[in-house]
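First the structure, in the form of structure tokens, and then the observations on it.
Numbering (the working numbering), first residue to last: -19 to 881.
Below, the structure written as structure tokens:
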């Protein structure tokens, strides 16, 4: 239904309006919530990669498909270069125009620089801030306009690196939209560029400057830097030109040009003192001229020039200040020469105010200009573009404030923008212009966050304002804003950032970085892109916004891939994937893993190919590795054979060698070696092989000897714990059955009855055994050791071959010693445990001393007897403790042993 022109069917019907009412609420939400603008997605070709910049979901990086070829690169025409130069120049701000100032006492430097550039060499102009470097560069650039085929290229080195300047040079000469070459492609494009490159405000030197000069060999560079910038290297082909201060006469002439009239005698004397104080710095006389112009307006009654009160409305009720509009035409003629003008007495500024005039000049400016200065102080000297001043200041005519500041000498050009002149920032901070810097920064950040994300703002405009945006971002992240802003400011910051209420400056910084970073990337200003991402990542970390922190890590990884820094890219992408995994962000995790897979592919491509090791055709001897053959440059002289090295004495006895069981080494099955390809073994390799074999054999032998010694020791000490006790019949003691008594030997601890004498043996054949075990046929019995007798002579029982004849002993006492039938044998000492010493009885027989020890024998099932007659033969041998020849393992003598057989 048309609300203006009704149809014929709707005329005169009262229900027409009622039918139209329900549609009205439906239309209101459509007007209140318009459809959101589509995100600006940009595709950029960077070398062999394709970068898709998406402000909403994040950037994506992939290998360039075959159909996505970079655009053709063409050289700009002279008309296009002139248009690009005008766009890159400092715009003329609205407001009062600054007076035209001459270039004084710079003819020598100008001619020298022009001659140097004409010869194709490079020059570096050094001078302090305010010495007129930019004015001299403009004059030299005008002299060299037709010198090079690609003309003159003006670049700004303020906050720029070597790579950024090289990309700016390429963009100024070549036209290739949507294409940013890699390092090799950039060098290839710069090789064919021949231009005079003028770089102002250079901030690096040394190796970085050498790289800049080497990247464009066909260009002549004219550089301007402050004295504090690092100097070029000694090998750099650069001619140094210093820029001194002006003389006294030139300084007075410059001051008269700035004031627009002749100086009085008092003003000339004051200017002479100022020249001595400032050492002829041109900027001080430009600012002194602004002070004298303000003094002239103060001395004239404002009502004589402003009958309608325009000055009071513009500059406040005091009527002081250099304004716009009618104030521009205030003294069209010299007030000192017009007798009709009444002059008020206004003193000259002091010498201190003339040397540091920023605060005095600012106090006489309009309110908009003063507010602009406060924003510039809060941003670290960066002045917003004049198009942003009405929104920041809150005045529709605030864009004219830049004209006032420039005319007073408080601003200096920096690329396509303005910044505070040298020393002005320090002077304003000393006079309290930074007390509300936190609020100013927050206001500027909120404005730039909204402006950078607006669809109507192109990437080129955002890149041109990058210095102010980055200054606001850095002030928010690096400054201490705790408690500096109230709750309304925090809520406004949170609303601008799209976060929770009370988030404050950190959330605003995240929102600003989130909006500005994609614009910088699309505008090919990747240096500003990286700085914005790092500041945003730090702000997100401080604010606790994990999702935004993961986004910035992902973007930093993509940027590192484009720059060829794969190690940094892997670290950033892994951090992003980890954070997004915590948030369960599947889409972001997949995008990060794709980029990480691309990094892995690029890493494998950059790795040098690995050379496979040569296959071995020889078999190492005895299965041991051999040293690789060494190719000698010259044949070695014949060497004499080395003398045999004696083997170190072993701590163990020699082990018998068995020829049939020698270690021949493991069997190795390999391919047969060709006789012609077998390398000649060196002497060093042979010695090493022999030493290894000897060490292996010695170790094996020592181990075997140790094992055998352990086994022998354990066998010798086994079974010795079975000592015969009293009343036990063993193979070495039998019961007495010849006398028919009930006395059992051994029941009274081995002591014979006192009523009966001991029965001595009638024969010299001993039956004592040195071992507690039974004697089996085929074994050699031995004596028990030396037994002392009652007469003092030792009695030794010996044994020879086994004798089956029973041994009998007649009762009575034998006067002579018993003669052994066989020669004694003594293979070694007996190793038995000490037994209970027996009671000493009068000796029956005396035997010569001997030592016979038999090896231990295992016990048998049936004990053997040594008697074949009805009357048993009992031989009692008593050994005193400590007098026996038997010894135990620990070397202690064996106590007396009694053997009954």
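Glycine included, C-beta positions come from ideal geometry on N, C-alpha and C. A quick note: this is a predicted structure, and the numbers were derived from the prediction, not measured.
message: Quick check on the DSSP output: what are the complete alpha helix (DSSP H) runs of length 4 or more inside the region 390 to 457, in order along the chain?
response: 404 to 410, 417 to 432, 439 to 444
message: Assuming residue 542 is part of the beta strand (DSSP E), what are its boundary residues?
response: No beta strand (DSSP E) holds residue 542; the alpha helix (DSSP H) holding it covers 526 to 543.
field: Other residues of its chain near residue 427: CB distance less than 8 Å, five sequence neighbours each side excluded
entry: Sequence-distant partners of residue 427 (beyond 5 residues in either direction) whose C-beta falls short of 8 Å from its own C-beta, in its chain, are 368, 371, 372.
query: Below 8 Å, can you find three or more Cβ-Cβ pairs linking the region 385 to 402 to the region 255 to 272?
result: yes
query: Alpha carbon to alpha carbon, how far is residue 509 from residue 70?
result: Computed Cα separation, rounded: 23 Å.
- prompt: Which residue spans inside the region 488 to 532 form an unbroken alpha helix (DSSP H) run of at least 4?
  reply: Whole alpha helix (DSSP H) segments, 4+ residues: 506 to 523.
query: How is residue 242 classed by DSSP in three states: helix, strand or coil?
result: coil
- request: May I ask you to report which of helix, strand or coil DSSP gives residue 156?
  value: coil
- prompt: Any idea if residue 438 is buried or exposed, counting beta-carbon neighbours within 10 angstroms, 16 or more meaning buried?
  reply: Classification of residue 438: exposed, given that the 10 Å Cβ count is below 16.
- prompt: DSSP three-state call for residue 136: helix, strand or coil?
  reply: strand
field: Own chain, CB closer than 7 Å to residue 26, minus 5 neighbours either side, in chain order
entry: 160, 162, 542
Residue from 545, 549, 534, 432 with nearest C-alpha to residue 493: 432
task: Please look up how many angstroms separate the CB atoms of residue 452 and residue 490, rounded, as I've assumed it's under 8 Å.
output: With 8 Å as the limit, residue 452 and residue 490 do not qualify as a contact, their Cβ atoms being about 13 Å apart.
query: For the candidate residues 234, 259, 336, whose alpha-carbon lies nearest to that of residue 79?
result: From the listed residues 234, 259, 336, the smallest Cα separation to residue 79 is found for 234.
- prompt: Excluding five sequence neighbours on each side, which residues of the same chain lie with their C-beta closer than 8 Å to the C-beta of residue 409?
  reply: 357
query: In whole angstroms, what is the alpha-carbon distance linking residue 884 and residue 441?
result: Because the chain is modelled from -19 through 881, residue 884 falls outside the range shown and cannot be assessed.
- prompt: By Cβ distance below 6 Å, which residues in the same chain neighbour residue 216 in space, the five residues on each side in sequence not counted?
  reply: The beta carbon of residue 216 is closer than 6 Å to those of 190 in its chain, skipping five residues each way along the sequence.
message: Taking 8 Å as the threshold (C-beta atoms), are residue 578 and residue 557 in contact?
response: no
- request: Please go through the region 544 to 592 and give each complete alpha helix (DSSP H) segment of 4 or more residues, from N-terminal end onward.
  value: 546 to 563, 566 to 586
query: Quick one, are the C-beta atoms of residue 221 and residue 407 less than 8 Å apart?
result: With a cutoff of 8 Å on beta-carbon distance, residue 221 and residue 407 are scored as not near each other.
query: What separation, rounded to the nearest whole angstrom, lies between the Cα atoms of residue 429 and residue 108?
result: 35 Å
message: Between the alpha carbons of residue 391 and residue 398, how many angstroms are there, rounded?
response: 6 Å
Euclidean distance between Cα positions of residue 129 and residue 395: 23 Å
query: Once you ignore the five residues that flank residue 530 on each side, which residues in its own chain have a CB closer than 6 Å to its CB?
result: 556, 559, 560
query: For the region 98 to 107 against the region 131 to 148, are there 3 or more C-beta pairs whose distance is under 8 Å?
result: no
query: Mapping DSSP to helix, strand and coil, what is residue 737?
result: Only weak support exists for where residue 737 lies, its pLDDT of 44 falling under 50; the value from the coordinates is given anyway. Correct three-state label for residue 737: coil.
query: If we call anything under 8 Å between Cβ atoms a contact, is residue 400 one with residue 363?
result: yes
- prompt: So, are the CB atoms of residue 382 and residue 73 less than 8 Å apart?
  reply: yes
- prompt: With a CB to CB cut of under 8 Å and the five nearest residues on each side skipped, what residues in its chain are close to residue 571?
  reply: 37, 38, 40, 534
- prompt: Considering only C-alpha positions, which residue in the set 256, 585, 266, 230 is nearest to residue 239?
  reply: 266
- request: Determine the contact status of residue 178 and residue 135, defining contact as a CB-CB distance below 8 Å.
  value: yes
- prompt: Is it the case that the Cβ atoms of residue 540 and residue 527 are separated by a distance below 8 Å?
  reply: In this structure, residue 527 does not lie closer than 8 Å to residue 540 by Cβ.
- request: For residue 563, count neighbouring Cβ atoms within 10 angstroms of its own Cβ and tell me buried if that reaches 16, exposed if not.
  value: exposed
task: Scan the region 37 to 95 and note each continuous beta strand (DSSP E) run of 3 residues or more that stays entirely inside, going in chain order.
output: 40 to 43
- prompt: Mapping DSSP to helix, strand and coil, what is residue 222?
  reply: strand
- request: Indicate, with yes or no, if the ligand MG has a heavy atom lying under 7 Å from the CB of residue 34.
  value: This structure simply doesn't include the ligand MG, nor any ligand for that matter.
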